[in-house]
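A short worksheet on the structure shown next.
4 protein chains.
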Amino acid sequence: GTGLNRPVAGIHAAAIEHINKTTCKVISIDMPAGLFANKSSIGNPIVKATNTLSFGCYKLAFLLAENEQFTGKVEVLNIGLSKAFAEKETTPFTITEKKEVQLLIKPRSNHAHKGNFGNALVAGGGSGKMGAMVLSASACLRSGVGLLTVAIPPSGDNILQTAVPEAMTITATLTPELLQQFTVIGAGPGWGISPNTQKQLQFIIENFHKPMVIDADALNCLALNKDWLPKLTANSILTPHPKEFERLFGSSNNDVERLELAMQKANELNTVIVLKGHYTAVVLPDGNVHFNSTGNPGMATGGSGDVLTGIITGLLAQGYSSKEAAMLGVYLHGLAGDIAATTHSQQGMRAGDIINSLGSAWLEIINNKKSAK
Amino acid sequence: GTGLNRPVAGIHAAAIEHINKTTCKVISIDMPAGLFANKSSIGNPIVKATNTLSFGCYKLAFLLAENEQFTGKVEVLNIGLSKAFAEKETTPFTITEKKEVQLLIKPRSNHAHKGNFGNALVAGGGSGKMGAMVLSASACLRSGVGLLTVAIPPSGDNILQTAVPEAMTITATLTPELLQQFTVIGAGPGWGISPNTQKQLQFIIENFHKPMVIDADALNCLALNKDWLPKLTANSILTPHPKEFERLFGSSNNDVERLELAMQKANELNTVIVLKGHYTAVVLPDGNVHFNSTGNPGMATGGSGDVLTGIITGLLAQGYSSKEAAMLGVYLHGLAGDIAATTHSQQGMRAGDIINSLGSAWLEIINNKKSAK
Amino acid sequence: GTGLNRPVAGIHAAAIEHINKTTCKVISIDMPAGLFANKSSIGNPIVKATNTLSFGCYKLAFLLAENEQFTGKVEVLNIGLSKAFAEKETTPFTITEKKEVQLLIKPRSNHAHKGNFGNALVAGGGSGKMGAMVLSASACLRSGVGLLTVAIPPSGDNILQTAVPEAMTITATLTPELLQQFTVIGAGPGWGISPNTQKQLQFIIENFHKPMVIDADALNCLALNKDWLPKLTANSILTPHPKEFERLFGSSNNDVERLELAMQKANELNTVIVLKGHYTAVVLPDGNVHFNSTGNPGMATGGSGDVLTGIITGLLAQGYSSKEAAMLGVYLHGLAGDIAATTHSQQGMRAGDIINSLGSAWLEIINNKKSAK
Amino acid sequence: GTGLNRPVAGIHAAAIEHINKTTCKVISIDMPAGLFANKSSIGNPIVKATNTLSFGCYKLAFLLAENEQFTGKVEVLNIGLSKAFAEKETTPFTITEKKEVQLLIKPRSNHAHKGNFGNALVAGGGSGKMGAMVLSASACLRSGVGLLTVAIPPSGDNILQTAVPEAMTITATLTPELLQQFTVIGAGPGWGISPNTQKQLQFIIENFHKPMVIDADALNCLALNKDWLPKLTANSILTPHPKEFERLFGSSNNDVERLELAMQKANELNTVIVLKGHYTAVVLPDGNVHFNSTGNPGMATGGSGDVLTGIITGLLAQGYSSKEAAMLGVYLHGLAGDIAATTHSQQGMRAGDIINSLGSAWLEIINNKKSAK
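Set out below in structure tokens:
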């Protein structure tokens, strides 16, 4: 394997084609031949390995969905490469491991009261999609928020109050006075993209002057009203999956381009963009990107994103910075999913299981227990 | 014991009559005298054993409900019969054990997203029977589906959204455009057989061109409109219990005849027929029949069938073939029931317990743990 | 201690008075002085012991609430009394222990389907009391019933379908044709005593010709219409607590009189009367009384009786006789309560915990595990 | 460290200022210099320690939120101070430990029925805040109450009956006759402060002549109608958090003043005031104050107070005195929170987790198990 910077051609390309026709196990050393470490290789001849044994550290290529077909299962081996050299190298890309996340956790003062942990509002819910708010609210409550209110259409009132008794509900029109009470607003789960929803989102963006979390249909509403993007309060957090990202910022030719576009937009808009995927990328306005290391494909299930919105909103409410809330939030979310999978399996888990495992995830980070994975 | 092909008569019949009057424990060797191995023996003189110790492999007779009165508890002993001989014998009948099911499981790609696991619709629910949809939807979510929507009458909207937050609901009339979004449709739980329900089923059959799962009242609606049967998309899955089967395809004189009728209909209609019972038979269009080996009589409780519908629908959504989804689905369902019985007992278990044990059932198959039974 | 048959008087009475003024621990041997073994002693001078160490077997007096003030904690010691003698004595009173209950359990046939376990109806629920039906229905499902329908007012429809998805609901007026579908009817939980409820109960009594379970407000309705009592189908089961019993059959001067009245009424009406208390008495039409040995004062909490109704109804549905259903039902109910108390404490348990422990109670009986107590 | 009674000044104050600028770990011995043991020190120069190692017993100062910034983590060391001397000292302030609470527990009579454990009413609930009643009712049920009814607006009826089946609901206007049925009334969770709610509270205060529990919005209604305070039945229990206390009795300059004001008001009004905080103070009419020793900052979350209201109401219903109910209630509440935190973490726990841990908390007290902390 090599990590070159130009496409493989000629006899090497023919060899790759030949290798890719085999039914044998293909093990690539360091990187599959033809795969670039730090830029997209899509369209080039690349070995499709079943396993990749790489050296020293993760390469960017390993973190992108488009390359899983080439790398197969990746293992990074410590071969004694100079650590000092690696640390001199500057890169915007780092992987968030448990030890980084542990440094983020804020200890709780003994005499703290619920006012110390913020007053969060989550806005969303619509016809047939109130469950998204049930999930988001429940996750927010398991993230340490002090007080939680959900803003929902009247038809969701009984649903939310039955399923999430710890949350209060508002079904009336939001006013600027109401908004001022809240420490943070998360918006989007199950909200739909009706003109009325768009109007509500606009109202919140224009009247709430603290960082928000914008997810799901709130992102889709933004995509329909791109002129609102510059109005977002600095350090707001956008949490798109690839399709929502595309609606918002246009399409990309490959995962590397999309990542670069996210980096550009995070900087331009002064927001944190959480680009969701297996290695969710927390893209910061300062140009740095933190790839998350927890989670599993069992979490690719309806409602999983709503849970993340609730978590990040709950963390912001407690006074975590947007960078901290995004990094800690995606790590907790993935770790809770990993814990849920040990009991319910990847296939058998549902989004609610992630919520129920959040307590164990907090304890695993705080008490430095062995990872669930 | 013998496995002859003609009814026992004369002195042998008299001996059987005598044996059946005893209060002693009756142990049959290989098969109870008078019981045919591969055809129905109903009406003939047959020994009623308390235990049957059989040799080499299960006989078809042991898998049919009508013969439990004769065989009592069956145990199949390995007496060193030639395996090569057994494998040369061709039979359409096989028993699905864990090792077969393990080969069916599709590993999940690390970078998979919810779109990779399908977008399922389950249609059903009616006055007083919304719970059937709660169970079916919850089971579908624990089967690995990516996204789930339920189509229900408006009166069920709050119930479903409160009890199953991960599922979205549709209460409006289905349109061809709506149907095209879905990877698979499961229909029937709690649906009733009103003219309106029949109309909806017809609409779905005529406008959805991928395999469906048809259960419960959807089967009963089909029974009222047998001319729709040929319109079923190839490889759709019907999941009747014996009474539903009878309504659909007419009555049979015995279990063997019913099985043969199912084999004929599966072939004619090019559908998979899951004939439910203790050894649920997955009857394939190609003439093969796979008897399931998991499950227990604690699962003979309201809602258990709705759970199965949800599971098979969820598996189809993920890209399992109809054969795979039916075989894996009935196996998972039964295994989850066996696991539930270890905690809740056969008498004490309810259908919801089967759902809650699905995660453990997946893990038991994937990790090759010892069976719950 | 003595077990005489006339009140203590004179110097002995004075001695008892003196003893009862002490603050010392008072230990009675065999029985507290002045307490009759088999008839009421209320009003007489009786020693108030803190502990009673009795010999050979329980006396009737120990099973009645009115004597707890005299006996304190009772322990029965084996002092080698002639077992043969005890067995010659005829008494209508026996205590139901686990070994008796184990003999009642019906094994389940492997090929059983839900039709084999009956089709039960539970009727009840009213304004502000739908929860009683939630509890009763859930308990019925954990008792092995095949199919369960609840008949409730329309205002309870969403509540029941959300909380108990395995049960179907009927909110329409019951008809004779509807009633014929059911194997058993349990009536009363949360029903109220409005004229309309009384009319419904009358309709059921007159049109349903199999044994019923009559509890709570159904008993109170009966008390308002005592002329319906003789119309009860033979072997119906009444499950009054002492106050409901009094409304139905009049007051008694003491617990012994009440028990004797129950014995007379059970015989006259040819019904089973389950007289609820710490040692719940299953009073049979044949004159025998079976005192239950499970349960604890943590079960003295709202909804506990509704749970029992559901259990007994579920057992009748499966084909247990009225005697068996009553004896097994009260035993299971008490044992589940004992199991619940080990996790939730007597103070901390709620009626729903009893339901959730029913599976463990079944397993403890079937597998002959050590008792929870 | 010293425990003087006048502010530190001059060179000592300068030293304190210097110490407080350091980034080193600061350990105070006995008490941080400048901190008064028994009166407020706010505004004075005081050492801000990271740890305080104190001697013999807790000082009042350690129990007040305002001093956490000075003491840091407090540990009290046994240095062999004369116990006899300590016991001669009279102080109104004591800390409630498990051994005190164990003495309060009332054993349950075997033959007890639900009537023995009281008939409680909890009144509350309002638009968007029915969940507070769900939590309060559920907690009441896990505190040993015999029967529970909730008085709520009609819009909360389905929510309460679905989520808390063991409780009955009343949505009609309360009448004096209705009130007489109840052993105790708890009022406030989610009630709002509308004129109608105020009217209801007034009606209850004027027509219910047994001790009540007054919390949350009932306190806020009282604050709007201070002339009702003297009408409170003797030994009623008020459970304000600091802000509610301030609305009711005016502001204080510091925690010591607030405590003294609570002592004065408890005596004047002949009520128990439960001043909520990390060391919740149970302030008795007789001038004594019992500080609670259980609980953790994970309980600083919406709904936690509603849970406490339910617990204390449930204890009063069972016949605990107001002093006992308040002391035992706050201890149970905190202990349940400590147990919940071991599973769900402080950040991940929600108020419902406290309720679910109440059973374990009861068992830990009754069985004298090791504390969760």
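If you read the sequences in order, they're chains R, L, H and Z.
Residue 85 in my numbering sits at position 84 of the first sequence; the count goes up by one each step and never skips.
Residue 54 in my numbering sits at position 53 of the second sequence; the count goes up by one each step and never skips.
Residue 56 in my numbering sits at position 55 of the third sequence; the count goes up by one each step and never skips.
Residue 101 in my numbering sits at position 100 of the fourth sequence; the count goes up by one each step and never skips.
A virtual CB, placed ideally from N, CA and C, is assigned to each residue, including glycine.
All values reported here derive from a predicted model rather than from experimental measurement.
Applying a beta-carbon distance threshold of less than 7 Å, which residues of chain L neighbour residue i?
{"i": "V135 (chain R)", "result": "P166"}
{"i": "T170 (chain H)", "result": "G129"}
{"i": "L359 (chain H)", "result": "G349"}
In angstroms with no decimal places, state the Cα-to-Cα distance between residue i and residue j.
{"i": "G119 (chain Z)", "j": "F209 (chain R)", "result": "49 Å"}
{"i": "E69 (chain H)", "j": "F63 (chain H)", "result": "7 Å"}
{"i": "L122 (chain H)", "j": "P196 (chain Z)", "result": "45 Å"}
{"i": "L329 (chain L)", "j": "V102 (chain L)", "result": "6 Å"}
{"i": "T95 (chain L)", "j": "K211 (chain L)", "result": "28 Å"}
{"i": "E98 (chain H)", "j": "C141 (chain Z)", "result": "33 Å"}
{"i": "L202 (chain L)", "j": "V151 (chain H)", "result": "28 Å"}
{"i": "P286 (chain H)", "j": "P93 (chain H)", "result": "11 Å"}
{"i": "S156 (chain Z)", "j": "T174 (chain Z)", "result": "14 Å"}
{"i": "G4 (chain L)", "j": "A34 (chain L)", "result": "Caution applies to G4 (chain L), whose pLDDT of 46 falls short of 50 and renders its modelled position unreliable; the value that the coordinates give is listed next. Distance between the alpha carbons of G4 (chain L) and A34 (chain L) is about 8 Å."}
{"i": "G306 (chain R)", "j": "K227 (chain R)", "result": "22 Å"}
Would you mind telling me which residues of chain Z sit closer than 9 Å to residue i, beta carbon to beta carbon, in chain order?
{"i": "Q1 (chain H)", "result": "Outside the shown range of chain H (2 to 374) lies residue 1 (chain H), about which nothing can therefore be said."}
So with CB distances below 7 Å, who are the chain H contacts of residue i?
{"i": "Q162 (chain Z)", "result": "M131, G132, I160"}
{"i": "L149 (chain Z)", "result": "G303"}
Going along the chain, which residues of its own chain have a beta-carbon closer than 8 Å to the beta-carbon of residue i, five neighbours each way excluded?
{"i": "G360 (chain H)", "result": "R143"}
{"i": "I194 (chain L)", "result": "D218, N221, C222, L225"}
{"i": "A108 (chain R)", "result": "The question names Ala, but residue 108 (chain R) in the sequence shown is Pro. If we look at P108 (chain R) and ignore the five residues flanking it on each side, it has no Cβ neighbours."}
Whose C-alpha, out of the options, is nearest the C-alpha of residue i?
{"i": "N117 (chain H)", "options": "L:K100, L:K74, L:A66", "result": "L:A66"}
{"i": "N293 (chain L)", "options": "L:A14, L:A85, L:K100, L:A15", "result": "L:K100"}
{"i": "M32 (chain Z)", "options": "Z:S42, Z:L276, Z:V275, Z:L202", "result": "Z:S42"}
{"i": "L149 (chain Z)", "options": "Z:Y321, Z:G315, Z:W192", "result": "Z:G315"}
{"i": "A1 (chain Z)", "options": "Z:E18, Z:G147, Z:G303", "result": "Since the first residue of chain Z shown is 2 and the last is 374, residue 1 (chain Z) is not available in this structure."}
{"i": "I288 (chain Z)", "options": "Z:G320, Z:G129, Z:K324", "result": "Note that residue 288 (chain Z) is Gly in the sequence shown, not Ile. With distances taken between Cα atoms, G288 (chain Z) lies closest to Z:K324."}
{"i": "G129 (chain Z)", "options": "R:S322, R:L161, R:A124, R:P8", "result": "R:L161"}
{"i": "E167 (chain Z)", "options": "H:A352, H:N357, H:K232, H:A362", "result": "H:A352"}
Skipping 5 residues on each side, what residues in its chain have a beta carbon closer than 6 Å to that of residue i?
{"i": "I355 (chain Z)", "result": "V308, A337, G338, A341"}
{"i": "G278 (chain Z)", "result": "A66"}
{"i": "A282 (chain Z)", "result": "L276, V290, F292"}
{"i": "P177 (chain R)", "result": "N208"}
{"i": "N236 (chain Z)", "result": "P212, S323"}
Run down chain H in chain order and give the residues with a C-beta less than 9 Å from the C-beta of residue i.
{"i": "H279 (chain L)", "result": "S110, N111, H112, A113, H114"}
To which residues of the same chain is residue i closer than 7 Å at the C-beta, ignoring the five residues directly before and after it?
{"i": "N6 (chain L)", "result": "F37"}
{"i": "I106 (chain Z)", "result": "I366, I367"}
{"i": "L82 (chain L)", "result": "F56, G57"}
{"i": "E18 (chain L)", "result": "P46"}
Interface residues of chain H around residue i at Cβ under 8 Å?
{"i": "E69 (chain L)", "result": "S110, N111, H112"}
What in chain R is Cβ-close to residue i, meaning under 9 Å?
{"i": "N117 (chain L)", "result": "P298, A301"}
Any contact between the region 292 to 301 of chain R and the region 346 to 359 of chain R? By contact I mean 3 or more CB pairs, one from each, below 8 Å. yes
Looking at C-beta atoms only, is the number of pairs between the region 133 to 140 of chain L and the region 305 to 312 of chain L that lie closer than 8 Å three or more? yes
For the pair the region 71 to 82 of chain Z and the region 46 to 57 of chain Z, tell me if three or more CB-CB distances fall below 8 Å. yes
Select from the region 21 to 51 of chain Z all residues with a C-beta closer than 8 Å to any C-beta belonging to chain A, and list them in chain order. No chain A is part of this structure, whose protein chains are labelled R, L, H and Z.
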